[in-house]
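> Below is a structure I'd like to ask you about.
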Amino acid sequence: MESLSDALRGALKKIAHLGRIDEASIKEVVKDIQRALLRGDVNVKLVLAVTKNIEKRALSEKVPPGMNPREHVINILYDELVKVMGEGRSLSLKRQRIMLVGIYGQGKTTTSAKIAKYFQKKGLRVGLIQADTHRPGAYDQSKQLSELIGAPFWGDPEEKDSVKLVKRLLPRTEKEEVVIIDTSGRHRLGADLIEEMEAIVKIAKPDEKLLVVDSTMGQTAGEQAKAFHEAIGLTGVVLTKMDGSAKGGGALSSVAETGAQIVFVGSGEKVYDIEIFDSARFVSRLLGMGDLQTLLEKAREATDTGKAEETAKKIMSGKFTLRDMYDQMETVMKMGSLKKIMDLLPTKAVPTEMDTQKSQELLKKFKVIMDSMTENELDDPKIVKMQRIKRIAKGSGVREEDVKLLLRQYNASKKAIRGVMSNRRARKALMKQLSFEE
Ligand code: GDP
Ligand code: MG
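In terms of the numbering used here, the sequence shown is numbered consecutively and its last residue is 1370.
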């Protein structure tokens, strides 16, 4: 990502040195941004649209309180870039079949192992099918990778017909929760590859059809996404080799422009070099400079307040999820302790003075555990019984005791909140703290 990042940072530096912000200087800044995006390989049409929006907003929107005009322009730039890079989507943690498609050398086989590792970390059983019957080395490559990550693997180096192979191997994967099917590529997307993919889709009925595409191809990545989507209907895209790819900006924006959702980004050759795509995080990294950091912190503070209010509302309405508890613990830690509020209560439901160091560690551990939980479990921790506890502990690499601790903490918080809510004075004090009122 060097070039887009460097170019944008250059433009930002100039904004920092602007004497004043008026119509003329905004136009100049926008020109700089335009040049930076073009140098960063971003599609011309997108560049024009983005910069037009930036100019329009910078000239018409009022500078929000607490921000200076410079920060305001940078914030708009950030916003518009996030928009153009697309939102991305993350895969659900259910039982499913995932089929990877793409031409040669894009990183399909490597990605199959990376995605397998990703699901293993979530505590799911994952198996791999190697259905590439064209490349002689494919079977051995997958075998090695599957041994490395400790996932079952099926393939047959003698079989020449990939469709038959998939049909034969699928029944053996019954015990696995997630099955990843790696397929053959070609040097280019042609009729025979499409036919083969269509036939495999018919047999395997994959829940996810992910195109794996090399980001060093720049804007050509978008053309591939379009072609594959028209051919077999993609559910997502994995962009590989984003580590040090100067054309990452081009690949990302061109894929986003097709409307295809980017699911993962590959950032190296190792099995753990994979990230869920998050355009906000991505753009902040792209622009990553001191200026932006402070700006984003300001914005984050604003969302924190919003979040706290949201949590308070949820608590009031009686809905209280594990995520709310986590947010609440985080808020409490920022505020010091809940002691003042709890002191108002006749009985003490939970220990209120937590050692900050200790609770910080605990919170970190909780985060890891929660990463291994499904959406349903986070919404409704009641359903987490022994079998799920075992799975979650395995997936997050903690002891079952730790998962139980998280659940106990949740129950205690819920109880404490009920206590607070039934006491008028305590409730008022809590609401005040949660909404950061003075
Ligand atoms: P396939 O032909 O599509 O199955 O591609 P492979 O998985 O065999 O990968 C082709 C090459 O790209 C290998 O040398 C991989 O190590 C490399 N590769 C795959 N993903 C990444 C990535 O995210 N970053 C880097 N730097 N290399 C990658
Ligand atoms: Mg391969």
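Ideal placement from N, C-alpha and C gives every residue a C-beta, glycine not left out.
Just how far apart, CA to CA, sit Arg1340 and Pro1138?
In the sequence shown, residue 1340 corresponds to position 408, counting from 1. In the sequence shown, residue 1138 corresponds to position 206, counting from 1. When rounded, the distance between both Cα atoms is 38 Å.
> Pull up the DSSP beta-bridge partners for Thr1172, would you.
Position 240 of the sequence shown, counting from 1, holds the residue named residue 1172. Paired residue(s): Asp1146.
> On the CB-based measure, 16 or more other CB atoms within 10 Å of its CB, does Arg1002 come out buried or exposed?
Taking the sequence shown and counting its residues from 1, the one referred to as residue 1002 is at position 70. By the neighbour-count rule (16 or more Cβ atoms within 10 Å), Arg1002 is buried.
> Which same chain residues, not among the five before or five after Met1286, have their C-beta less than 6 Å away from its C-beta?
Locating residue 1286 in the sequence shown gives position 354, counting from the first residue. Caution applies to Met1286, whose pLDDT of 49 falls short of 50 and renders its modelled position unreliable; the value that the coordinates give is listed next. Around Met1286: no qualifying Cβ.
> List the residues that DSSP assigns as beta-bridge partners of Ile1208.
As a working note, residue 1208 is residue 276 in the sequence shown. Answer is Phe1196, bridged to Ile1208.
> Give every residue of the same chain whose Cβ lies closer than 8 Å to the Cβ of Glu1155, excluding the five residues on either side of it in the sequence, and list them in chain order.
Position 223 of the sequence shown, counted from the start, is the residue given in the question as residue 1155. Result list for Glu1155: Ser1186, in chain order.
> What residue range does the alpha helix (DSSP H) around Ile1126 cover?
Within the sequence shown, numbered from 1, the residue matching residue 1126 stands at position 194. Where Ile1126 is concerned, the enclosing alpha helix (DSSP H) stretches over Ala1123 to Ala1136.
> Quick one: what's Asp1114 bridged to in DSSP?
Taking the first residue of the sequence shown as 1, we reach residue 1114 at position 182. Looking at the DSSP assignment, Asp1114 forms a beta bridge with Leu1032 and Gln1062.
> As a quick check of your reading: which residues have a C-beta less than 7 Å from at least one non-hydrogen atom of the ligand MG, in chain order?
So the residues near the ligand MG by this Cβ test are Lys1040, Thr1041, Asp1064, Arg1067, Ala1070, Gln1073, Asp1114 and Gly1117.
> Three-state secondary structure (DSSP) at Lys1141?
Within the sequence shown, residue 1141 is the residue found at index 209, counting from 1. Looking at Lys1141 - three-state DSSP - the assignment turns out to be strand.
> Is Gln1038 near the ligand GDP - that is, is its Cβ less than 7 Å away from at least one heavy atom of it?
In the sequence shown, the residue the question calls residue 1038 occupies position 106. Indeed, a heavy atom of the ligand GDP lies less than 7 Å from the Cβ.
> How many angstroms separate the CA atom of Leu950 from the CA atom of Phe1298?
Walking along the sequence shown from the start, residue 950 turns up at place 18. Walking along the sequence shown from the start, residue 1298 turns up at place 366. Cα to Cα, the separation comes out at about 45 Å.
> Taking 7 Å as the cut-off, is the C-beta of Ser1094 nearer than that to any heavy atom in the ligand GDP?
Reading the sequence shown from its first residue, position 162 is the one you call residue 1094. For the ligand GDP, not one heavy atom lies less than 7 Å from the Cβ of Ser1094.
> Let's test the definition: count the other Cβ atoms within 10 Å of the Cβ of Ile1064 and tell me whether it reaches 16, buried, or not, exposed.
Looking up residue 1064 in the sequence shown gives position 132. Contrary to the premise, residue 1064 reads as Asp rather than Ile in this sequence. Counting Cβ neighbours within 10 Å, Asp1064 comes out buried, since at least 16 surround it.
> Might you give, ordered along the chain, the residues of its own chain that have their beta carbon closer than 8 Å to the beta carbon of Arg1118, omitting 5 neighbours on each side?
Stepping through the sequence shown from its first residue, residue 1118 is reached at position 186. Contacts found: Ile1035, Tyr1036, His1066, Asp1124 and Leu1125.
> Let me know the secondary structure DSSP gives Leu940 once reduced to three states.
The count along the sequence shown starts at 1 and reaches residue 940 at position 8. Looking at Leu940 - three-state DSSP - the assignment turns out to be helix.
> DSSP state of Phe1252, grouped into three classes?
Locating residue 1252 in the sequence shown gives position 320, counting from the first residue. Coil.
> Verify the contact flag: Glu1201, CB atom, against every heavy atom of the ligand GDP, threshold strictly below 7 Å.
As a first step, residue 1201 is located in the sequence shown; it is residue number 269 there, counting from the start. Correct: Glu1201 has its Cβ closer than 7 Å to the ligand GDP.
> Check each candidate in Val1098, Tyr1071 and Arg1100 and name the one with the smallest Cα separation from Pro1089.
Here residue 1089 corresponds to residue number 157 of the sequence shown, with the count starting at 1. Nearest C-alpha to Pro1089: Tyr1071.
> Assuming contact is defined by CB atoms lying nearer than 8 Å, are Ile1321 and Glu1332 in contact in what I supplied?
The residue given as residue 1321 occupies position 389 in the sequence shown. The residue given as residue 1332 occupies position 400 in the sequence shown. It is a contact, given that the beta carbons lie within the stated cut-off.
> Check whether the Cβ of Asp1303 sits closer than 7 Å to any heavy atom of the ligand GDP, and report yes or no.
For the purposes of this step, residue 1303 is identified with residue 371 of the sequence shown, where counting begins at 1. No, the ligand GDP has no heavy atom inside 7 Å of this Cβ.
> Since I believe Glu1108 is in contact with Gly1059 (beta carbons under 8 Å), could you give me their beta-carbon distance rounded to a whole number of angstroms?
Against the sequence shown, residue 1059 aligns to sequence position 127. Against the sequence shown, residue 1108 aligns to sequence position 176. With 8 Å as the limit, Gly1059 and Glu1108 qualify as a contact, their Cβ atoms being about 4 Å apart.
> At the level of alpha carbons, what is the spacing between Val1110 and Leu1121?
What you label residue 1110 is simply residue 178 of the sequence shown in a count that begins at 1. What you label residue 1121 is simply residue 189 of the sequence shown in a count that begins at 1. Each residue's Cα considered, the two are about 27 Å apart.
> Three or more beta-carbon pairs under 8 Å between the segment 1162 to 1172 and the segment 1036 to 1047, yes or no?
Touching, yes.
> Have a look at Ile1194 and Ala1153 and give me their C-alpha separation to the nearest angstrom.
Numbered from 1 along the sequence shown, position 262 holds the residue referred to as residue 1194. Numbered from 1 along the sequence shown, position 221 holds the residue referred to as residue 1153. Their Cα atoms are separated by approximately 12 Å.
> Buried or exposed for Ala956, going by 16 or more other Cβ atoms inside 10 Å?
Mapped onto the sequence shown, residue 956 falls at position 24. So Ala956 ends up on the exposed side.
> At a cut-off of 7 Å, would you count Val1144 as near the ligand GDP, judging by its Cβ distance to the nearest heavy atom?
Stepping through the sequence shown from its first residue, residue 1144 is reached at position 212. The answer is yes for Val1144.
> So which of Leu1101, Asp1256 and Asp1334 has the shortest CA-CA distance to Gly1085?
The sequence position of residue 1085 within the sequence shown is 153, counting from 1. Note on identity: in this sequence residue 1085 is Phe, with Gly being the wrong assignment. Of the candidates Leu1101, Asp1256 and Asp1334, the one whose C-alpha sits nearest the C-alpha of Phe1085 is Leu1101.
> Can you find a heavy atom of the ligand GDP that lies under 7 Å from the Cβ of Gly1198?
What you label residue 1198 is simply residue 266 of the sequence shown in a count that begins at 1. It does: the Cβ of Gly1198 is within 7 Å (strictly closer) of some heavy atom of the ligand GDP.
> Please report the distance separating the alpha-carbon of Ala1344 from that of Glu960.
Here residue 1344 corresponds to residue number 412 of the sequence shown, with the count starting at 1. Here residue 960 corresponds to residue number 28 of the sequence shown, with the count starting at 1. Approximately 57 Å between the Cα atoms of the pair.
> Between Glu1309 and Met1302, what straight-line distance do the alpha-carbon atoms span, to the nearest angstrom?
Residue 1309 sits at position 377 when you count from the first residue of the sequence shown. Residue 1302 sits at position 370 when you count from the first residue of the sequence shown. Whole-angstrom Cα-Cα distance: 9 Å.
> Can you determine whether any heavy atom of the ligand GDP sits closer than 7 Å to the C-beta of Gly1034, and answer yes or no?
Within the sequence shown, the letter at position 102 stands for residue 1034. Yes.
> At a cut-off of 7 Å, is Thr1152 close to the ligand GDP when judged by its beta-carbon and the heavy atoms of the ligand?
In the sequence shown, residue 1152 corresponds to position 220, counting from 1. Outside the cutoff, so no.
> Can you grab the Cα-Cα spacing for the pair Thr1253 / Leu1023, in whole Å?
Reading the sequence shown from its first residue, position 321 is the one you call residue 1253. Reading the sequence shown from its first residue, position 91 is the one you call residue 1023. One C-alpha to the other measures close to 21 Å.
> Given a cut-off of 8 Å on the beta-carbon distance, is the pair Val1133 and Ile1164 in contact?
Translated into positions along the sequence shown, residue 1133 becomes position 201. Translated into positions along the sequence shown, residue 1164 becomes position 232. Closer than 8 Å, so yes.
> Check whether the Cβ of Thr1172 lies closer than 7 Å to any heavy atom of the ligand GDP, and answer yes or no.
The sequence position of residue 1172 within the sequence shown is 240, counting from 1. Yes; taking the cut-off as 7 Å, the Cβ of Thr1172 has a heavy atom of the ligand GDP nearer than that.
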